[in-house]
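Step one of this worksheet: look at the structure below.
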Amino acid sequence: MTTLVSFIGNPSKSHAGPAHGTRGPSVAATSEYEATDYLFEDGGFQARSLFFGWAALQHLRWKAERTGKPELQPDRWLVVGTVTSGWQMMAEVAIEADEGTFDRAAAWAERAKSAVLGGCVDNTLLSEFERQFGHPLGTEVRLRSVTDHADAIFGCLYDNLDRGSRVILDVTHSYRTMPIHATLALGALRWIKDIRIADIMYGGWVKRDGVGAPAPAVSLAGSARLAEVTPQLASVALTDDLEAAAECASGLRIGTPGMRDALREASVLDSLLRVDEAESILRSNRVVADEAWTTHDRIGEATAELLRSAAGVSSPVPRADREFLRAEEFLRRRDYLRAILMLSESIRRRAIDQLGLANRFGVEANQVKMDDAFNALDELTAPPFAPGRLSLLRRTRNQVVHADRPSSDVRNVLADPEKLRRLLSDSAQDARKSLFKHLA
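See the structure below:
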């Protein structure tokens, strides 16, 4: 489902005038917006109309046919205004679509104008337009009168946009506040009803180069694509989700396909707790090389910086330190699963390095078991952790990862969120005071 959302305002008298040049006869009561030739930037399509939304609808139909992408053509046209909006101008749209509707459109326009002047336009009158003129317009039309308040506009969009809809937002007419309310509402509806902003359109009738020149009709797709990748950006910022990082890079055309594939592979391995293999991919030239992150605009540059940071690219911080800092961040976010995994792994890795456990056990560093590393720390003359704390952390971690049969103390920790948070917090504090005291 694709829906075009337009707004209709109450035009100022400075723009009043005859609807000269419109196709066919015109209704006097509708001569309030100025008839304008809109020239669309993507292919030279031009349409003349009093109301930009109608020109946009025709352009989208033309574009869908020209590109062979039927999803571009709106299935529904939602026009939103207030009780004082120039609703009578919709009659002109009906006439532009079908001159045979002139008499019926003129009669409806007179009633609509009277209602506007009386400040009592209601959805009953607007529904009458939908029934009479929806067919000539060639799409489902919904006219909705609401107050210019955030909640009312949110409610209107929520009620009139189907779940999973693609929305093309026309921000040309009406009070400036209404499109702003709508844009922010659509940001929330992305999560509530899986509604996506496919494009934002603007008919620049005030940007004409002289009298008689066409008005540029522009797409704000560059900003619309930010709305599309924002969920991935949030996932990267909140959870270091490398799959989301790859999708974001793809959406903003950042970097090479090899880099994006590497992020996806590392994400899968990380989710399976195959940390060493994930780290190996993230240290490979596919990800580390500067040329793997090429981009051509400021949006891409700023985003690439975030994505590179999430992947740990070019980080001078040793791996154990990176893991410990991530563990602290996960704990702040109350992401307890990731916190306990990263905290345990960072402690293991630091113990291996500081105590030379690989040489002691005669194995590679990645073969030193967590139990052995934790026991070595507890056997020190001055153990860095409070008595019993490291053992409880290790056994709790093993229960989470391996689903071992829990002891009573582990069962108590996992049954009480506050006890789990306290164990992680206290363990992290002990680790920072001893193993990671060099970190700022």
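Position 13 of the sequence shown, counted from 1, bears residue number 59 in my numbering, the numbering being contiguous throughout.
Virtual Cβ for every residue (Gly too), placed ideally from N, Cα, C.
Since we're looking at a predicted model, the values are computed, not measured.
Beta bridge counterpart(s) of residue i as assigned by DSSP
i	result
residue 82	95
residue 127	191
residue 409	Paired residue(s): none; residue 409 is not in a bridge.
residue 423	Residue 423 is not bridged to any residue.
residue 215	51 and 246
C-beta contact flag for residue i and residue j at 7 angstroms
i	j	result
residue 53	residue 225	yes
residue 300	residue 312	no
residue 195	residue 55	no
residue 140	residue 216	no
residue 278	residue 290	yes
residue 35	residue 295	Nothing can be reported for residue 35, as the shown portion of the chain is limited to 47 through 486.
residue 106	residue 116	no
residue 198	residue 243	no
residue 477	residue 393	yes
residue 169	residue 188	no
residue 262	residue 253	yes
residue 321	residue 357	no
residue 450	residue 458	no
residue 470	residue 385	yes
residue 136	residue 98	no
residue 373	residue 388	yes
residue 129	residue 165	yes
residue 339	residue 82	no
residue 355	residue 430	no
residue 48	residue 212	yes
residue 316	residue 324	yes
residue 172	residue 161	no
Opening and closing residue of the beta strand (DSSP E) in which residue i lies
i	result
residue 243	242-249
residue 186	186-191
Residue i, buried or exposed, once every other Cβ within 10 Å from all chains shown has been counted against 16
i	result
residue 159	buried
residue 77	In this prediction, residue 77 has a pLDDT of 42, which is less than 50 and means its spatial position is unreliable; nothing more can be read from the coordinates.
residue 227	buried
residue 396	buried
residue 391	buried
residue 473	buried
residue 303	exposed
residue 495	The question about residue 495 has no answer here: the residues shown for the chain are numbered 47 through 486.
residue 61	Bear in mind that a pLDDT of 43 at residue 61, under 50, signals an unreliable position, so the model cannot answer this.
residue 245	buried
residue 104	buried
residue 202	buried
residue 440	buried
residue 134	buried
residue 362	exposed
residue 114	exposed
residue 208	exposed
residue 151	buried
residue 214	buried
residue 100	buried
Which of helix, strand or coil DSSP assigns to residue i
i	result
residue 346	helix
residue 182	helix
residue 261	strand
residue 122	strand
residue 463	helix
residue 368	helix
residue 76	Any answer about residue 76 is weak, because its pLDDT of 37 lies below 50 and its placement is not dependable; what the coordinates show is given next. If DSSP states are grouped into helix, strand and coil, residue 76 belongs with the helices.
residue 482	coil
residue 402	coil
residue 64	Because residue 64 sits at a pLDDT of 40, beneath the cut-off of 50, its placement in the model cannot be relied upon, and the following sentence gives the value as read from the coordinates. Coil.
residue 165	coil
residue 321	helix
residue 56	coil
residue 476	helix
residue 146	helix
residue 175	helix
residue 69	Any reading at residue 69 must be qualified, since the residue scores a pLDDT of 44, below 50, and its modelled position is unreliable; the value itself is stated next. Coil, per DSSP.
residue 380	coil
residue 391	helix
residue 12	No answer is possible for residue 12: it lies beyond the span of the chain, which begins at 47 and ends at 486.
Residue i - containing alpha helix (DSSP H), residue span
i	result
residue 51	From DSSP, residue 51 is part of no alpha helix (DSSP H) but of the beta strand (DSSP E) over 48-53.
residue 283	267-285
residue 438	435-448
residue 225	223-238
residue 312	303-317
residue 338	Element bounds for residue 338: n/a, residue is neither H nor E.
residue 206	196-206
residue 300	First-last for residue 300: undefined, no H or E at that position.
residue 142	135-143
The ligand SAH heavy atom lying under 6 angstroms from the CB of residue i
i	result
residue 290	The model depicted lacks the ligand SAH and carries no ligand whatsoever.
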